[in-house]
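So in the working numbering, spot 107 of the sequence shown is number 311, and the numbers just go up one at a time. No residue lacks a Cβ here, since even glycine has one placed at the ideal position from N, Cα and C.
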Amino acid sequence: MTHILHIDASARPGIAGTDNHGSHSRHLTYQFVSQWQSGRPQDTVTYRDIGQNPPSIINHDWIASAFTPEERLEPWMKEALAESDQLVDELIAADIVVIGTPLYNFGMPAALKAWIDQVVRAGRTVEFDDSNPIDPYVPKLIDRERHAVVLAARGGVNMSPGEEMAHMNHLEPHLATALGFMGITRLHYIAIEGQEVGGELLAASVVEAVSQVKALIDELQVAFQEAPISEPA
Ligand SMILES: Cc1cc2nc3c(=O)[nH]c(=O)nc-3n(C[C@H](O)[C@H](O)[C@H](O)COP(=O)(O)O)c2cc1C
Numbered sequence: 205m206t207h208i209l210h211i212d213a214s215a216r217p218g219i220a221g222t223d224n225h226g227s228h229s230r231h232l233t234y235q236f237v238s239q240w241q242s243g244r245p246q247d248t249v250t251y252r253d254i255g256q257n258p259p260s261i262i263n264h265d266w267i268a269s270a271f272t273p274e275e276r277l278e279p280w281m282k283e284a285l286a287e288s289d290q291l292v293d294e295l296i297a298a299d300i301v302v303i304g305t306p307l308y309n310f311g312m313p314a315a316l317k318a319w320i321d322q323v324v325r326a327g328r329t330v331e332f333d334d335s336n337p338i339d340p341y342v343p344k345l346i347d348r349e350r351h352a353v354v355l356a357a358r359g360g361v362n363m364s365p366g367e368e369m370a371h372m373n374h375l376e377p378h379l380a381t382a383l384g385f386m387g388i389t390r391l392h393y394i395a396i397e398g399q400e401v402g403g404e405l406l407a408a409s410v411v412e413a414v415s416q417v418k419a420l421i422d423e424l425q426v427a428f429q430e431a432p433i434s435e436p437a
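Dropping the structure here:
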């Protein structure tokens, strides 16, 4: 059985194509998760709508607690980390993390950054090896193959990694660094572009992205069938 963590980060609650002013990234995550489940109904999904319910922004108490060794955590520190622990548990449980996200002001929405800040956790998702001062970071989410599917929407065009306007888009590179830091390195990017341009350009981009979602599901479902996920003991 494969477990999906489905995250939506758009501030817009509706789905484009169904609701007025709906979200294009939510359209793509809806396509991905619903098509995945029709191909593999035995698989399970945890849903986090961080666009509508953003994770807390980390504060002084959080930082003091997150860098205190487990055995010295006081009750108030455990309380300060409770939300983070829940989000980390959800990430650890996932085989595929599906992230629907807009591009806001050249990067990820604040809600998605808040989620990243909650899940990058010393001792839980990353370890520090003091014997290697040059690169002390040891990712912890390498116990099994995890994939991240980043389904983005943006107003401009030609902003995919490697394209002419990629310098205006720090979303995918930032996510790749943060996820890779924890050990999630199998990344897949699909985006709807041209939301601010509209018309035929946007319509064609939606059609292309939806067809890429279908192709990615076909590819991943074959991969997951061939390499069954190891169940925890
Ligand atoms: C506050 C805000 C900032 C935005 N910044 C950018 C940007 O930097 N680059 C861009 O191409 N589009 C930008 N856009 C357009 C969004 O990426 C676009 O509307 C996208 O479709 C939003 O995702 P959603 O449809 O899932 O809500 C911005 C939109 C908003 C509301």
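Here DSSP, grouped into helix, strand and coil, assigns Gly311 to strand. The Cβ atoms of Ile211 and Ile261 do not sit closer than 7 Å to each other. About 18 Å separates the beta carbons of Pro258 and Ala356, which is beyond the 8 Å limit, so they are not a contact pair. Of the candidates Thr248, Arg350 and Tyr308, the residue whose Cα lies closest to the Cα of Gly384 is Arg350. One thing to note: Met205 has its Cβ within 7 Å of the Cβ of Gln246.
Unbroken beta strand (DSSP E) runs of no fewer than 3 residues, entirely contained in the segment 325-372, are found at 330-332, 341-343 and 351-357, following chain order. The criterion of a C-beta distance shorter than 7 Å is not satisfied by Asp333 and Val324. Glu404 and Ile394 have their alpha carbons spaced roughly 19 Å apart. Under the DSSP definition of a beta bridge, Thr248 partners with His207. For Arg216, no alpha helix (DSSP H) run applies, since DSSP gives it neither H nor E.
Around ligand 1, the residues whose beta-carbon falls short of 5 Å from at least one of its heavy atoms are Ser214, Arg216, Ser227, His228, Ser229, Pro306, Leu307, Tyr308, Asn309, Phe310, Ala357, Arg358, Gly359, Gly360 and Gln399, given in chain order. Spanning the alpha carbons of Asp422 and Phe236 requires a straight line of approximately 11 Å. The continuous stretches of beta strand (DSSP E) do not include His374, and DSSP gives it neither H nor E. Here Ala284 really is in contact with Trp266; their C-beta atoms are around 5 Å apart, less than 8 Å.
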